[in-house]
Amino acid sequence: MVRTPSYDQNGKKKGTWTPEEDRKLVAYVTKYGCWNWRQLPKYAGLARCGKSCRLRWMNYLRPNIKRGNYTKEEDDIILKLHAQLGNRWSTIAAQLPGRSDNEIKNHWHTSLKKRANYYASNSSDGESKSINQASGTRRKSVENQNAISPNNCMRSYEIVLESSQWSPKQSSSEEHQAFQEEAILMENSGSFWTEPFLVDTSFSSRTDYVVPSIDWELVCPPSPFIGHEFLSSFDLEDYNCQKLETEHPKK
DNA sequence: AACTAATCCAACCGCCACCCG
DNA sequence: CCGGGTGGCGGTTGGATTAGT
1 MVRTPSYDQN GKKKGTWTPE EDRKLVAYVT KYGCWNWRQL PKYAGLARCG
51 KSCRLRWMNY LRPNIKRGNY TKEEDDIILK LHAQLGNRWS TIAAQLPGRS
101 DNEIKNHWHT SLKKRANYYA SNSSDGESKS INQASGTRRK SVENQNAISP
151 NNCMRSYEIV LESSQWSPKQ SSSEEHQAFQ EEAILMENSG SFWTEPFLVD
201 TSFSSRTDYV VPSIDWELVC PPSPFIGHEF LSSFDLEDYN CQKLETEHPK
251 K
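Written out as C-alpha cells, the structure is:
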C-alpha cells in the first residue's frame, strides 16, 4: 500500500511517508502547532509540500485518530449521512470523532457502497432517488463550518496559536533553527524517540516504527489563550487509554 | 508453487472557498 | 472589487496485499 518515493521538479519528496518523516512532523506540530502548512515543512526539516504534511497529520498522526474496525453504528451513521448529504465526506467525518474524511471515503468505496446499492435496489424509488440527488454535491454551509469537527479543532488550534506565546509566528527563525538542532540532538541520543507514539495503534505492531511520545505540556500548554473546547476536544484520558489497547487487525 | 485478478488504502491532484492586503 | 496565498475538499491513482485458480 505504498507509493514509490520520488521527487518532483521542486525537490519536494512524494510517496510514502517514512517513520523518520513522521517523527519530524509529529515533533514539530506538537511543539509549534500547524501555524502555516506551507511553511511548516521548511522549519520542520521535511522535504515535503505543505499539503502532504497536512494530509499526513490530519489522517494519521493527529491525536485520537481511529483506524479500521468500523462498528455497525458507525457504518449506519455513514450510510444515513451519505443518503442525506452525498459525498460530503468532511461533513460526515465531523459526526464520527476520530475518523478522517479520507478514511471514511475509502471505507465507503470499499464496502459501504455495495451495501448502499443493495439497500437502494431493495427500497422504494423515492429513497434511491434521494441518494442520487444528494451525491456529488460539494457546498460549504454555515452550520457545516460551525460543526465541531477535528478539522475545526485544528483551526481553533491555529487561531489560538496565532495569539499565544506558543505561536511560531511570534517565534524567531532562530527558534525554529534551534528546534531542528534540538530534534537532531534528541534523535541522536534517542531519548526523545524511545517511547512509542500510539495514536495510530498500528504502530505498536511495527518494529520499524518508533514515533515520539507526546508531551501534553507542549501540545496543550497551560495558556489562558487556549479555549476549553479545544483542550477537551483531544480527550487526553482517552488518548492515554489507547496506549493500553491492543492493535486491531487490519482486514 | 506460480500466476492472475480483485481488493484495499495511503497519497496525490486539481479545484474551490476563504482571507487579507 | 481584485488578486495572491492558503487551507480544505472530493476524485482518482499506484501499488501492496489477499484471494482465487
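According to full-length UniProt numbering, the first sequence holds residues 1 to 251 in order. Don't be surprised by glycine CBs; every beta carbon is placed ideally from N, CA and C. All values reported here derive from a predicted model rather than from experimental measurement.
Measuring straight from C-alpha to C-alpha, what distance separates residue i and residue j?
{"i": "Trp89", "j": "Tyr7", "result": "29 Å"}
{"i": "Gln9", "j": "Pro97", "result": "37 Å"}
{"i": "Gly190", "j": "Ala27", "result": "With a pLDDT of only 39 at Gly190, under 50, the local geometry of the prediction cannot be trusted, and the value read off the model is given with reservation. Distance between the alpha carbons of Gly190 and Ala27 is about 14 Å."}
{"i": "Lys114", "j": "Asp76", "result": "13 Å"}
{"i": "Glu103", "j": "Thr91", "result": "13 Å"}
{"i": "Pro19", "j": "Asn59", "result": "15 Å"}
{"i": "Thr110", "j": "Lys42", "result": "36 Å"}
{"i": "Arg23", "j": "Leu40", "result": "14 Å"}
{"i": "Lys80", "j": "Pro63", "result": "26 Å"}
Write down the C-beta distance between residue i and residue j rounded to the nearest angstrom, noting that I regard them as a contact closer than 8 Å.
{"i": "residue 254", "j": "Glu74", "result": "Here the chain has residues from 1 to 251 only, and residue 254 is not among them."}
{"i": "Ala93", "j": "Ser100", "result": "6 Å"}
{"i": "Thr30", "j": "Gly15", "result": "Actually they do not touch by this definition, with Cβ atoms about 24 Å apart."}
{"i": "Ser112", "j": "Ile78", "result": "The residue you asked about is not Ser; residue 112 is Leu in the sequence shown. Contact holds; Cβ gap of about 6 Å."}
{"i": "Arg56", "j": "Trp17", "result": "6 Å"}
For residue i, list the residues DSSP reports as bridge partners.
{"i": "Lys14", "result": "Ser6"}
Check this for me: beta carbons of residue i and residue j, under 8 Å apart or not?
{"i": "Cys53", "j": "Lys12", "result": "no"}
{"i": "Leu61", "j": "Ala44", "result": "no"}
{"i": "Lys51", "j": "Trp35", "result": "no"}
At 4 residues or longer, and completely inside the region 91-116: list those alpha helix (DSSP H) runs for me, N to C. 101-107
Let me know the alpha helix (DSSP H) ranges lying completely inside the region 10-72, each 4 residues or longer, listed in chain order. 19-32, 40-44 and 50-56
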